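> One structure coming up, written as structure tokens, with questions to follow.
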Amino acid sequence: MANSVERRNLEPWQDPRAMPYVRIDHVTKKFNDIYAVDDVTLDIYQGEFFSLLGSSGCGKSTLLRLMAGLERPTAGRIYIDGMDVTDMPAYSRPVNMMFQSYALFPHMTVEQNVEFGLKQDRLSRQERAERVSDMLTLLQIGELRKRKPDQLSGGQRQRVALARTLAKHPKLLLLDEPLGALDKRLRESAQFELVNLQERIGITFVTVTHDQEEAMTMSTRIAVMDAGRILQVDTPTAIYEYPEYRFVADFIGLVNLFEGRVVENEGDQVVIESTVGRRLRLRDLRPHAIGAPVTVAIRPEKLSICETYQEDGVNQIKGVVEDIAYLGDVSIYRVRVSPAMLVEMTLTNVQPRTEQVLTWGQEVAMEWSPTSGVVLTE
Amino acid sequence: MNHGRWKLYTFLGLGLAFLYLPVLLLIIYSFNESRLVTVWTGFSTQWYRELMQNRQLLEAAWLSVRIAATNATFAVILGTLAANALVRHGRFRGRTGFQLLLTAPLVMPEVITGLSLLLLFVTLEDLVGWPNGRGFTTITIAHITFSMAYVAVVVRSRLSQMDRSLEEAAMDLGARPLRVYLSITLPLIAPALLAGWLLAFTLSLDDLVISSFVAGPGSTTLPMVVYSSVRMGVSPQINALASIVVLIVAVAVCIAGFSLRQRSAGANSPPRA
Amino acid sequence: MHKLLAKLRLRDRHLARLVNIGAPYLWLGLFFLLPFAIVLHISLAETALAQPPYTSLWEWVDDGILQIRLNLQNFSTVFHDELYLAAFLNSLGVALVGTVLCLLIGYPMAYAIATAPERWRVVLLMLIILPFWTSFLIRVYAWISILKPNGLLNHLLMGLGVIDAPLTLLHTQTAIYIGVVYSYLPFMILPLYANLTRLDFSLLEAAADLGCRPFKAFLKVTLPLSLPGLVAGSMLVFIPVVGEFVIPDLLGGPDNLMIGNMLWTEFFGNKDWPLAAALTLSLLGLLVAPFVLMQRLERRIEGEPS
Chain A
1 MANSVERRNL
11 EPWQDPRAMP
21 YVRIDHVTKK
31 FNDIYAVDDV
41 TLDIYQGEFF
51 SLLGSSGCGK
61 STLLRLMAGL
71 ERPTAGRIYI
81 DGMDVTDMPA
91 YSRPVNMMFQ
101 SYALFPHMTV
111 EQNVEFGLKQ
121 DRLSRQERAE
131 RVSDMLTLLQ
141 IGELRKRKPD
151 QLSGGQRQRV
161 ALARTLAKHP
171 KLLLLDEPLG
181 ALDKRLRESA
191 QFELVNLQER
201 IGITFVTVTH
211 DQEEAMTMST
221 RIAVMDAGRI
231 LQVDTPTAIY
241 EYPEYRFVAD
251 FIGLVNLFEG
261 RVVENEGDQV
271 VIESTVGRRL
281 RLRDLRPHAI
291 GAPVTVAIRP
301 EKLSICETYQ
311 EDGVNQIKGV
321 VEDIAYLGDV
331 SIYRVRVSPA
341 MLVEMTLTNV
351 QPRTEQVLTW
361 GQEVAMEWSP
371 TSGVVLTE
Chain B
1 MNHGRWKLYT
11 FLGLGLAFLY
21 LPVLLLIIYS
31 FNESRLVTVW
41 TGFSTQWYRE
51 LMQNRQLLEA
61 AWLSVRIAAT
71 NATFAVILGT
81 LAANALVRHG
91 RFRGRTGFQL
101 LLTAPLVMPE
111 VITGLSLLLL
121 FVTLEDLVGW
131 PNGRGFTTIT
141 IAHITFSMAY
151 VAVVVRSRLS
161 QMDRSLEEAA
171 MDLGARPLRV
181 YLSITLPLIA
191 PALLAGWLLA
201 FTLSLDDLVI
211 SSFVAGPGST
221 TLPMVVYSSV
231 RMGVSPQINA
241 LASIVVLIVA
251 VAVCIAGFSL
261 RQRSAGANSP
271 PRA
Chain C
1 MHKLLAKLRL
11 RDRHLARLVN
21 IGAPYLWLGL
31 FFLLPFAIVL
41 HISLAETALA
51 QPPYTSLWEW
61 VDDGILQIRL
71 NLQNFSTVFH
81 DELYLAAFLN
91 SLGVALVGTV
101 LCLLIGYPMA
111 YAIATAPERW
121 RVVLLMLIIL
131 PFWTSFLIRV
141 YAWISILKPN
151 GLLNHLLMGL
161 GVIDAPLTLL
171 HTQTAIYIGV
181 VYSYLPFMIL
191 PLYANLTRLD
201 FSLLEAAADL
211 GCRPFKAFLK
221 VTLPLSLPGL
231 VAGSMLVFIP
241 VVGEFVIPDL
251 LGGPDNLMIG
261 NMLWTEFFGN
271 KDWPLAAALT
281 LSLLGLLVAP
291 FVLMQRLERR
301 IEGEPS
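Residue numbers (the numbering used here), protein chains in the order written: chain A, 1 to 378; chain B, 1 to 273; chain C, 1 to 306.
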């Protein structure tokens, strides 16, 4: 059992000497003529809680099924714990998967479901009974052992499915939308439970999800996928704060995207003339050619109300409040800054709603700091 | 709108009456004392007693039941394999031909199937000495040929409704394909297998035309006995036999329906949190 | 041996494939397809007083010459003898009228079941299927005692004073139609029902909302969408009825011969196997077109093989 604090601090992906636990090497999967997974290379380290994030049809589930051995790659190799498992069928892989539908066998009791995988390993009766008990205790479902799946609630089913996959002590646990079948209230507590469980047993988890909040809450790292390719692999913070692609910036959370061209680039400072007529200054270490087209991404919560608006001010913009979305803790203001562009700004509701500073039709000036946005070239 | 509904339901009721009335009359008159079917002279069970003493008919019934059971068992095996092929092996080469061969026996007029199978058996016997004479074996083979198509239809629909991820989960948990099929797939499609078996059994028990072609001397099935006696005219004994058949079917259907209802009631019981 | 087993295990997916596809294919090829080749073979032979009662097509003549005699007389008889032509026409007519009658009666019934409250549907459907499980022969037989000159129907009608003398019902074309509708109605209702339950009835509400009167909505929305079930049901009735034997034999008269009866008589009565074989092939040829239509439709409904 790995010490969670130690593991989190290790960040093995930062360590060039660390051996990846799962290595996906230029894997492609074609269905007829469609590339479901397109030349994906990915390393996952031991003890990670890794998430594949993307919209439906982006190939994330196929990638998971490739790891499970339920699909065979058209090209490329897959290694788990240093072993080439590409040609190994699903039933021989040291990997288990929790299905989105949970796929509990309806004709077996909870106990029999959990025991099923152990029977396939030809464990002795006594050992099977012990492991089943351990698992039922671990997931606190001991009192359900004689029930059939159709007598369980959604949350209970999820626990049984987890118990069944974990009973085999897999090297790698794959979870396809593990919380997708739960209702919203249950999902949030289940997120934390899943993370705690993973930290306790120390097994490497790979999940597939389309829910960015879920991925952000649970994961050590996230891979954002689109059209069969992996765009960016990073920690939740990095994915959110430093997206490398427009798609990633747009997919995770709300974002304002300013199109423009580079007009100055000195040291770590880049100045961009945006299409809405304002100049933006950002901190960026990469060299940019003058005149190069770029996109600037700024999160709504990085904007604040500007008291010192100047006509030629940098990192300032002015517009008229068009929409207010009151979400309780925060409000999102949609501000029309040009005929073609709305800028979103999130403000914390320090005061009750009736005393808010901004209202519809009001003119407002906004500003942000050079470190709170990123320059995107792709 | 409601008015139209009632007209529709009345029509449905009449249609069902049309389906059931003749059989009902048959049952009522099986208890008629008179040999004349049309005149009710009094309640009697004598036709049932005579039926029970009709050796020829009882022997034919026993043969028919044996054929039907053998047929049903083989038809379920072959029909299930065919359903596996259609649902699980996707677009294999020769799929169109396979499907064609599997659908044709469903609609093929019995005289065609019967005659062509007989000619096959005669030719084979001429060439390779098998089958040596016609009877139980040839009738059973003929029945399997059309029954398996019906079984395939029943099993196929069940199989294609089955959640694929159950089998994948079993495989993921370490079960080899054959084990997956035996411990997951088969138990889950068992109701369809049972339905298919019963259907094949009934179809075989009911067949007159094909059996008449491929039966040999000394292998007379129940429908063949019924047919020859019906050709002679209405017989109260046949009424009694028909009533027994209807009774058996009704009981079987009630048992099947009841057990299915219980099963689904179990599935729908509210989760106890 | 061990190596072979290992190889087999590696290939158990392929093995499963081989068994699943191969076994039914082999069975149907041997006992369904091959017989037709033999039927063709015998239809080209001549009758003979022998066991089996037909001549061989080929014969070795002295000096290594294989002599093949194809006798087309049987087909010529089938196509030119008016007796057979009449039987063919009658078969097609009975099948057509029977199908239309089943459709007219079955469609409203299927519609009523499909639109009935959920909990009633299973019971109603069961009631439609139930007769199918009781003996076909017995169900046809039941009508004899109803339709006889001194049968139940005539008794009832005379008792009510509707008629004075018994009607001739048994051994007529009408009796055949009754028998066909009675026996084949479930085959029409089931595919129609299956199709209609999948129909989205909010479409009808949408049509009504757009100002379409119920009957017109039925014609423009329900009917076209239920066409696949309609054609499937019609073929399930039409094709077997063309070759029907029991119904015309028990309920029809000497003037209502269908091709199934002719075939039966040629085979069992006249022991003319080659002619019966030629009749079989002609009947088969007649049914190819409707069968192909049904297959096409099924493939279209099925779409991608899953």
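By construction, the Cβ of each residue, glycine as well, lies at the ideal position given by its N, Cα and C atoms. Computed from a prediction, not measured in an experiment: that's the story for all the values here.
Which chain C residues are close to residue 103 of chain B, counting only those with a beta carbon under 9 Å from its beta carbon?
Residues of chain C passing the Cβ test: 291, 294, 295, 298.
> Determine the closest residue to residue 34 of chain B out of B/24, B/236, B/243, B/122, with distance taken between C-alpha atoms.
Closest option to residue 34 of chain B, Cα to Cα, is B/236.
> Does the Cβ-Cβ distance between residue 200 of chain B and residue 69 of chain B come in under 7 Å?
No.
> Around the C-beta of residue 266 of chain B, are 16 or more other C-beta atoms found within 10 angstroms, so that it is buried, or is it exposed?
Residue confidence for residue 266 of chain B is low, a pLDDT of 44 falling below 50, so the modelled location carries little weight and cannot support an answer.
> Are the Cβ atoms of residue 202 of chain B and residue 63 of chain B separated by less than 7 Å?
Taking 7 Å as the Cβ cut-off, residue 202 of chain B and residue 63 of chain B do not qualify as a contacting pair.
> Quick one: which chain B residues come within Cβ less than 9 Å of residue 246 of chain C?
The contacting residues are 110, 208, 209, 227.
> Could you tell me the alpha carbon to alpha carbon distance between residue 150 of chain C and residue 216 of chain B, rounded to whole angstroms?
Straight-line Cα distance between these residues: approximately 37 Å.
> Identify the residues that DSSP records as bridge partners of residue 207 of chain A: which are they?
DSSP lists A/51, A/175 as partners of residue 207 of chain A.
> Let me confirm a value: residue 20 of chain B is counted as buried when at least 16 other C-beta atoms fall within 10 Å, else exposed. Which label applies?
The residue is exposed, with fewer than 16 neighbouring Cβ atoms inside 10 Å.
> Would a C-beta distance cut-off of 7 Å place residue 256 of chain C and residue 229 of chain C closer than the cut-off?
Taking 7 Å as the Cβ cut-off, residue 256 of chain C and residue 229 of chain C do not qualify as a contacting pair.
> Okay, do the region 280–299 of chain C and the region 99–107 of chain B touch, 3+ Cβ pairs below 8 Å being the bar?
Cβ pair count under 8 Å is three or more, so yes.
> What's the call for residue 205 of chain A, buried or exposed, on a 16-neighbour Cβ count within 10 Å?
Flag for residue 205 of chain A reads buried.
> Per DSSP, what are the beta-bridge partners of residue 58 of chain C in this structure?
Residue 58 of chain C pairs with C/68.
> Could you give the C-beta distance for residue 57 of chain C and residue 45 of chain C, rounded to a whole number, given that I count them as a contact under 8 Å?
That pair is a contact at about 6 Å.
> Is residue 228 of chain A helix, strand or coil when you go by DSSP?
Residue 228 of chain A falls in the coil class under three-state DSSP.
> For residue 316 of chain A, report the span of its beta strand (DSSP E) as first-last.
Where residue 316 of chain A is concerned, the enclosing beta strand (DSSP E) stretches over 316–326.
> Report the partner residues of residue 274 of chain A according to the DSSP bridge assignment.
A/260, per the DSSP bridge assignment.
> Taking DSSP as the reference, what is the three-state secondary structure of residue 152 of chain B?
It is helical.
> Say the cut is 6 Å; is the CB of residue 112 of chain B nearer than that to a heavy atom of the ligand ADP?
By its list of ligands, the structure shown contains no ligand whatsoever, and the ligand ADP lies outside what it can speak to.
> Cβ of residue 196 of chain B within 7 Å of Cβ of residue 109 of chain C?
No; because the gap between Cβ atoms is not below 7 Å, this pair is not in contact.
> Less than 8 Å between C-beta atoms, sequence neighbours within five positions excluded: which residues of the same chain meet that for residue 162 of chain B?
Hits under 8 Å: 185, 188, 189.
> Ignore the nearest five residues each way along the sequence and tell me which others in residue 66 of chain B's own chain have a CB closer than 6 Å to its CB.
Result list for residue 66 of chain B: empty, nothing under 6 Å.
> For residue 11 of chain B, decide whether its Cβ has a neighbour in chain C, counting only Cβ atoms nearer than 7 Å.
Cβ-Cβ to chain C under 7 Å: yes for residue 11 of chain B.
> Please confirm if residue 173 of chain B has its CB atom under 7 Å from at least one CB of chain A.
Closer than 7 Å to some Cβ of chain A, the Cβ of residue 173 of chain B qualifies, so yes.
> Taking the alpha helix (DSSP H) that residue 215 of chain B falls in, what are its first and last residues?
That residue, residue 215 of chain B, is in no alpha helix (DSSP H); it is neither H nor E in DSSP.
> Output yes or no for whether 7 Å exceeds the beta carbon distance between residue 175 of chain A and residue 295 of chain A.
Against a cut-off of 7 Å, the Cβ pair of residue 295 of chain A and residue 175 of chain A comes out as no contact.
> Going by Cα to Cα distance, which pick from A/240, A/241, A/218, A/247 is closest to residue 225 of chain A?
Of A/240, A/241, A/218, A/247, the residue nearest in Cα terms is A/247.
> Considering Cα atoms alone, identify which of A/102, A/322, A/250, A/340 is closest to residue 297 of chain A.
Per the Cα distances, A/250.
> Just the chain A side, please: which residues come within less than 7 Å of residue 176 of chain B by C-beta, in chain order?
Chain A residues near residue 176 of chain B: 91.
> Quick one: what's got a C-beta closer than 7 Å to residue 360 of chain A's C-beta in the same chain, skipping five residues either side?
Cβ within range, chain order: 321, 324.
> Kindly list the residues whose CB is nearer than 7 Å to the CB of residue 238 of chain B, restricted to its own chain and excluding five residues on each side of it in sequence; keep chain order.
Answer for residue 238 of chain B: 226, 229, 230, listed in chain order.
> Give the DSSP-derived three-state secondary structure of residue 43 of chain B in the structure shown.
Of the three classes helix, strand and coil, the one that applies to residue 43 of chain B here is strand, per DSSP.
> Nearest chain B C-beta to residue 21 of chain C closer than 7 Å, yes or no?
By this cut-off, residue 21 of chain C is an interface position.
> Taking only beta-carbon positions, decide if residue 160 of chain B is within less than 7 Å of chain E.
Reference to chain E is not applicable here, since the protein chains of this structure are A, B and C.
> For residue 303 of chain A, which residues in the same chain have their Cβ closer than 6 Å to its Cβ, ignoring the five residues on either side in sequence?
Taken in chain order, the residues that qualify are 345, 366, 368.
> Determine the chain B residues that contact residue 69 of chain C at a beta-carbon separation under 9 Å, and present them in chain order.
The premise fails here: residue 69 of chain C is roughly 18 Å from chain B at the closest Cβ pair, so nothing lies under 9 Å.
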